[in-house]
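Student: In our numbering, the protein residues as written are 2 to 156.
What follows is the structure, encoded as structure tokens:
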């Protein structure tokens, strides 16, 4: 029974990640034809981040992997759909953002536990930085690949 419960829990969290991504994309007026794909990017990134966290147990590394996935998918989809990369990145990173960690940081400071607040705040900043680094790394590697392919065609 525990296995079935865990699968249902993961399915529910996946639906929430997809819905949150799409709702955020609607809020930011992402074109309708991109909404489903943006939702898939956000869901995929969250799922990969979640599974990485289960295996590696490092929230920073899991965020890096999730950010990389958002960046890679966004670059590919932007070219395919002839849209800016930000269309897919804006919604795609929503499930990765460490909002609860930032909230816990503020709570610790308000409660007067400054050492714990600094600890949680540092982790929050590291996670946010890892997401950004993953996005940049994916974009850079894919652009290098495309430049190499373009240079090969012109020869």
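Backbone N, C-alpha and C fix where the C-beta goes; we use that ideal spot for every residue, glycine too.
Following the continuous alpha helix (DSSP H) through residue 29, name the residue where it begins and the one where it ends.
Tutor: Where residue 29 is concerned, there is no enclosing alpha helix (DSSP H), given that its DSSP letter is neither H nor E.
Student: Looking at the structure shown, is residue 86 part of a helix, part of a strand, or coil, going by DSSP?
Tutor: Here residue 86 sits in helix by DSSP.
Student: Starting from residue 58 and walking both ways along the alpha helix (DSSP H), at which residues does that stretch end?
Tutor: Segment: none, residue 58 is in no alpha helix (DSSP H) and carries neither H nor E.
Student: If the criterion is Cβ atoms closer than 8 Å, does the pair residue 228 and residue 68 meet it?
Tutor: With the chain covering only 2 through 156, there is no way to say anything about residue 228.
Student: Please go through the same chain and pick out, in chain order, the residues whose beta-carbon is closer than 8 Å to the beta-carbon of residue 51, but skip the five residues on each side of it.
Tutor: Closer than 8 Å at Cβ, skipping near neighbours: 11, 14 and 63.
Student: Please confirm if the stretch 87-107 is in contact with the stretch 117-131, defined as three or more CB-CB distances below 8 Å between the two stretches.
Tutor: Verdict: yes, contact present.
Student: Roughly how many whole angstroms lie between the Cα atoms of residue 66 and residue 60?
Tutor: Looking at the two C-alpha atoms, the distance is approximately 10 Å.
Student: Can you tell which of 74, 113, 130 and 144 has the C-alpha that lies nearest to the C-alpha of residue 1?
Tutor: Outside the modelled stretch of the chain, which goes from 2 to 156, sits residue 1, for which no answer is possible.
Student: Would you kindly work out how many angstroms separate the C-alpha atoms of residue 6 and residue 83, rounded to a whole number?
Tutor: One C-alpha to the other measures close to 41 Å.
Student: Run through the stretch 88-124 for me and flag every whole beta strand (DSSP E) of 3 or more residues, listed as ranges in chain order.
Tutor: Correct list: empty.
Student: In its own chain, which residues sit with a C-beta less than 8 Å from the C-beta of residue 21, not counting the 5 before and 5 after it?
Tutor: Correct list, in chain order: 43, 95 and 96.
Student: Thinking just about the alpha-carbon of each residue, which of 146, 138, 17 and 38 is nearest to the one in residue 81?
Tutor: It is 38 whose Cα lies nearest to the Cα of residue 81.
Student: If you draw a straight line from the alpha carbon of residue 54 to that of residue 145, how long is it in whole angstroms?
Tutor: In a straight line, the C-alpha of residue 54 is about 29 Å away from that of residue 145.
Student: Give me the residue from 77, 92, 127 and 78 with the minimum Cα distance to residue 29.
Tutor: With distances taken between Cα atoms, residue 29 lies closest to 92.
Student: Do you know how far the Cα of residue 23 is from the Cα of residue 102?
Tutor: Rounded to the nearest angstrom, the two C-alpha atoms are 22 Å apart.
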